[in-house]
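Below is one structure; the comments refer to it alone.
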Amino acid sequence: MGSGREALTGGLHHVEVWVPDLAAAEHSWGWLLGELGWEIFQEWPAGRSWRLGGTYLVLEESPAMSGRRHDRHAPGLNHLAFHAGPPAAVDRLVAAAPTYGWTLLFPDRHPHAGGPDTYAGYLTDNQGYEVELVATR
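First residue of the sequence shown? That's 1060 in the working numbering, and the numbers climb one at a time after it.
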(Lines of atoms letter the chains of each structure in order from A and count residues from 1; the text may use other names and numbers.)
(Lines give C-alpha, C1' and ligand atoms only; values in the text may rest on other atoms or scores of the structure.)
Protein backbone atom coordinates (compact mmCIF):
# COMPACT_ATOMS: atom_id res chain seq x y z
CA MET A 1 0.00 0.00 0.00
CA GLY A 2 1.26 3.50 -0.83
CA SER A 3 1.68 6.62 1.23
CA GLY A 4 -1.95 7.65 0.82
CA ARG A 5 -0.87 10.66 -1.21
CA GLU A 6 -1.33 9.13 -4.65
CA ALA A 7 -3.52 11.16 -6.99
CA LEU A 8 -6.92 9.62 -7.56
CA THR A 9 -8.42 10.84 -10.80
CA GLY A 10 -11.65 12.57 -9.89
CA GLY A 11 -10.73 12.61 -6.19
CA LEU A 12 -10.85 15.76 -4.13
CA HIS A 13 -7.52 17.62 -4.16
CA HIS A 14 -8.32 20.40 -1.68
CA VAL A 15 -11.05 22.61 -0.28
CA GLU A 16 -10.45 26.27 0.52
CA VAL A 17 -12.74 27.92 3.03
CA TRP A 18 -12.56 31.66 3.58
CA VAL A 19 -13.18 32.56 7.21
CA PRO A 20 -13.76 35.97 8.80
CA ASP A 21 -11.63 35.15 11.88
CA LEU A 22 -8.61 32.91 11.33
CA ALA A 23 -7.75 32.65 15.03
CA ALA A 24 -11.27 31.43 15.88
CA ALA A 25 -11.19 29.00 12.95
CA GLU A 26 -7.83 27.64 14.05
CA HIS A 27 -9.25 27.01 17.52
CA SER A 28 -12.33 25.12 16.31
CA TRP A 29 -11.20 23.55 13.04
CA GLY A 30 -7.62 22.94 14.15
CA TRP A 31 -8.82 20.89 17.10
CA LEU A 32 -11.38 18.94 15.05
CA LEU A 33 -9.06 18.20 12.14
CA GLY A 34 -6.33 17.10 14.53
CA GLU A 35 -8.75 14.73 16.28
CA LEU A 36 -9.69 13.28 12.88
CA GLY A 37 -6.06 12.59 11.98
CA TRP A 38 -5.35 15.61 9.75
CA GLU A 39 -1.89 17.16 10.09
CA ILE A 40 -0.90 20.79 9.74
CA PHE A 41 0.39 21.24 6.20
CA GLN A 42 0.99 24.92 5.47
CA GLU A 43 0.98 28.15 7.48
CA TRP A 44 1.09 31.78 6.29
CA PRO A 45 -0.09 35.05 7.88
CA ALA A 46 -3.64 34.84 6.50
CA GLY A 47 -4.15 31.08 6.45
CA ARG A 48 -3.48 27.54 7.49
CA SER A 49 -3.97 24.18 5.84
CA TRP A 50 -4.26 20.62 7.12
CA ARG A 51 -3.66 17.45 5.12
CA LEU A 52 -5.01 13.93 5.27
CA GLY A 53 -3.55 11.64 2.64
CA GLY A 54 -3.61 13.41 -0.70
CA THR A 55 -6.31 15.92 0.27
CA TYR A 56 -5.89 19.17 2.12
CA LEU A 57 -8.22 21.74 3.67
CA VAL A 58 -7.37 25.44 3.68
CA LEU A 59 -8.76 28.04 6.08
CA GLU A 60 -7.93 31.57 4.98
CA GLU A 61 -8.87 35.03 6.20
CA SER A 62 -8.57 36.56 2.76
CA PRO A 63 -8.52 40.34 2.34
CA ALA A 64 -10.61 39.78 -0.80
CA MET A 65 -13.67 38.50 1.13
CA SER A 66 -16.86 40.34 0.25
CA GLY A 67 -18.57 39.58 3.58
CA ARG A 68 -17.78 38.67 7.16
CA ARG A 69 -20.34 35.92 7.87
CA HIS A 70 -20.90 32.50 6.35
CA ASP A 71 -24.54 31.48 5.85
CA ARG A 72 -24.91 27.73 5.43
CA HIS A 73 -28.51 28.30 4.32
CA ALA A 74 -27.49 30.49 1.36
CA PRO A 75 -26.32 29.14 -1.99
CA GLY A 76 -22.85 27.70 -1.69
CA LEU A 77 -21.31 25.46 0.91
CA ASN A 78 -23.78 23.95 3.38
CA HIS A 79 -21.42 21.63 5.26
CA LEU A 80 -18.42 19.34 5.11
CA ALA A 81 -18.89 15.71 6.17
CA PHE A 82 -16.06 13.66 7.64
CA HIS A 83 -15.72 9.96 8.38
CA ALA A 84 -15.28 10.01 12.16
CA GLY A 85 -14.81 6.36 13.13
CA PRO A 86 -17.13 4.26 15.26
CA PRO A 87 -20.15 5.73 17.10
CA ALA A 88 -18.12 6.05 20.31
CA ALA A 89 -15.66 8.34 18.48
CA VAL A 90 -18.52 10.53 17.25
CA ASP A 91 -19.86 10.69 20.82
CA ARG A 92 -16.43 11.67 22.17
CA LEU A 93 -16.00 14.43 19.57
CA VAL A 94 -19.51 15.80 20.11
CA ALA A 95 -18.95 15.86 23.89
CA ALA A 96 -15.63 17.75 23.57
CA ALA A 97 -16.70 20.07 20.75
CA PRO A 98 -18.22 22.91 22.83
CA THR A 99 -14.82 23.57 24.44
CA TYR A 100 -13.55 24.38 20.94
CA GLY A 101 -16.39 26.62 19.78
CA TRP A 102 -18.71 24.03 18.25
CA THR A 103 -22.44 23.69 18.99
CA LEU A 104 -24.50 20.56 18.39
CA LEU A 105 -27.19 21.02 15.76
CA PHE A 106 -30.46 19.09 15.96
CA PRO A 107 -29.88 17.93 19.57
CA ASP A 108 -33.42 16.55 19.78
CA ARG A 109 -32.60 14.10 16.97
CA HIS A 110 -28.94 13.41 17.74
CA PRO A 111 -27.31 11.06 16.71
CA HIS A 112 -29.92 10.10 14.10
CA ALA A 113 -30.67 13.55 12.63
CA GLY A 114 -29.78 12.15 9.20
CA GLY A 115 -32.33 9.37 9.56
CA PRO A 116 -32.73 6.16 11.54
CA ASP A 117 -29.97 4.37 9.62
CA THR A 118 -27.34 7.04 10.24
CA TYR A 119 -25.21 7.82 13.28
CA ALA A 120 -23.67 11.27 13.03
CA GLY A 121 -22.96 14.45 14.90
CA TYR A 122 -23.87 17.73 13.24
CA LEU A 123 -21.87 20.66 14.58
CA THR A 124 -21.69 24.36 13.77
CA ASP A 125 -18.90 26.71 14.79
CA ASN A 126 -19.22 30.29 15.98
CA GLN A 127 -18.68 31.56 12.43
CA GLY A 128 -21.61 29.60 10.97
CA TYR A 129 -19.78 26.67 9.37
CA GLU A 130 -21.26 23.19 9.71
CA VAL A 131 -19.57 19.83 9.84
CA GLU A 132 -21.12 16.37 9.88
CA LEU A 133 -19.20 13.68 11.73
CA VAL A 134 -20.34 10.38 10.25
CA ALA A 135 -19.84 7.16 12.18
CA THR A 136 -18.79 3.94 10.54
CA ARG A 137 -20.92 0.92 11.36
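The beta-carbon is built from N, C-alpha and C at its ideal position, and this holds for glycine as well.
Here DSSP, grouped into helix, strand and coil, assigns residue 1078 to coil. Assignment of residue 1176 by DSSP, reduced to helix, strand and coil, places it in the coil class. Taken through DSSP and simplified to helix, strand or coil, residue 1087 comes out as helix. By alpha-carbon distance to residue 1073, the top candidate from 1155, 1097, 1144, 1171 is 1097.
Rounded to the nearest whole angstrom, the CA to CA distance from residue 1190 to residue 1066 is 25 Å. Secondary structure note for residue 1127: it is in no alpha helix (DSSP H), with a DSSP letter that is neither H nor E. DSSP, reduced to helix, strand and coil, places residue 1167 outside both helices and strands of the structure shown, so it counts as coil. With contacts defined as CB atoms closer than 9 Å, residue 1130 and residue 1160 fail to qualify as a contacting pair. The Cβ neighbour count for residue 1087, taken over all protein chains shown within 10 Å, is at least 16; the residue is labelled buried.
In this structure, DSSP gives residue 1140 an extended state, which the three-state scheme calls strand.
Annotation for residue 1092: 1109 place their beta carbon closer than 6 Å to its own, counting only its chain and skipping 5 residues before and after.
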